[in-house]
Amino acid sequence: MNERKFESRAEVVIVSSAFGAEAIRRDGHAYWAAAASRAGANGFEVRRELFADESDAAAGALRELGEQIRALGLWAVFSTPATLFAADGALDRDALTQAIDEGAALGARIVKLQLGGTPDGTATDAATLDRALTAISTSRAQVVVENGQLRAGGTIDAFAALFDALPLDSDALTMTFDTGNWLWAGENPLDAAQRLARHVRYVHCKAVQGEGARRFAVAPAADDANFAALLALLPRDVPRGIEFPFDPAALEADAAARVAWLATA
C-alpha cells in the first residue's frame, strides 16, 4: 500500500498594510480583517500606526477589535512602530510596557516592536536584560522584535549580540524576521537567516525592488530562488506574514491566491 504524503502547511497572517495603508485608515482594521478571513488567512496583523485616531488604541477599542477578529476565526498580531531600545541604546521600558498592555487588550498572540538602539547595537548588560525579561514575563503574548530598515535596529550583529546575551533557556524575547528589510539596512538576508533562524518566531514575507532609498516591497516571484532559499533556512512551524501589497485591481482574489501559495511555499 502506498503511503499518502500530507503537505505541511504554514500558518499565514495577512498584515493589514497589504490591503493599503489608506484603506485601513479609511475603513478600519475590522473591515479588512473580514477580507483576510475570506482569503483563508489564519491571522491578521493590526498595525498601530494605521489607526485613524489615537482613540483606536484605547483599551476598550482594542478589546472590541480583538473580539471582531476572533469572531472571524482569526487570531491577532499587534504591531507597533515603537522600539524596544531607545536611540541611545538603552531599554525603553515604557514603550515595552505600553506595547504589552495594548496587545493584551487586543488579545493578540504576538506583540511586535522594532528593535531600535544605535547603529552599533543595543544595551546587553545583565541588569538591562533582566528588566526587559521581567516586563515581558507579564505578557501572555509572544513578544518579538523586528529588523527594521535602518542600520539602527537593522543589523545582524545587533540581533546576534542581544540573543547571545540572553539566558540560554529563555524564549521570552524572540524575533520577527523581515525578509526584505535587511536590504535597506545593507545586510544579506541569507546571512541573517543562517545566524538568527533559531530565534525566529514570525516571518514577514516580501521581496524588494529598486535600489537605495528607492526600494519598495513587492510580492516574491514564483521563481524567486533567493526567497525560496530564505524560507528553507527559516523555521517552517512559525507563522508567515504577507507584508507586500496586493494587486489593487483584484485585492481579495490576489489575497486568496497569495495565502494559498505562502502556506505551502
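Residue numbers (UniProt numbering): 1 to 265. A virtual CB, placed ideally from N, CA and C, is assigned to each residue, including glycine.
In the structure shown, the three-state DSSP call for Leu91 is strand. Taking each of Ile14, Pro119 and Asp101 in turn and checking the Cα distance to Val111, the smallest one comes out for Asp101.
With fewer than 16 other Cβ atoms inside 10 Å of its own Cβ, Asn226 counts as exposed. The beta-carbon separation of Ala95 and Ala82, rounded to 4 Å, stays under the 8 Å limit for a contact. The three-state secondary structure of Thr97, taken from DSSP, is helix. Taking each of Ala52, Gly40, Ala152 and Arg38 in turn and checking the Cα distance to Asp27, the smallest one comes out for Ala52.
Per the coordinates, the alpha-carbon of Gly20 lies some 7 Å from the alpha-carbon of Pro245. Out of Arg236, Ala132 and Leu74, the CA that lies nearest to the CA of Ala90 is found in Ala132. Contact check for Ala255 against Ala18 passes: the beta carbons are separated by less than 9 Å.
Close CB contacts of Arg93 within its chain, under the 7 Å cut and outside five residues either way in sequence, are with Arg131 and Ala135 (chain order).
The beta-bridge partner set that DSSP reports for Lys112 consists of Ser79 and Val144.
Assignment of beta-bridge partners to Ala217 by DSSP yields Val208. According to the DSSP assignment, Thr124 belongs to no beta strand (DSSP E), since it is labelled neither H nor E. Note on the segment 7–71: whole beta strand (DSSP E) runs with a minimum of 3 residues are 12–15 and 43–47, in chain order. Residue Thr176 holds the alpha-carbon nearest to the alpha-carbon of Ala193 among Trp184, Ser37, Val208 and Thr176.
Residue burial annotation: Asp178 is buried, with at least 16 other C-beta atoms found within 10 angstroms of its C-beta. Beta-bridge pairing by DSSP links Gly241 to Val13 and His204. By the CB criterion at 9 Å, Leu173 and Leu162 fall inside the cutoff. In the three-state reduction of the DSSP assignment, Asp169 falls in the coil class, being assigned neither a helical nor a strand state.
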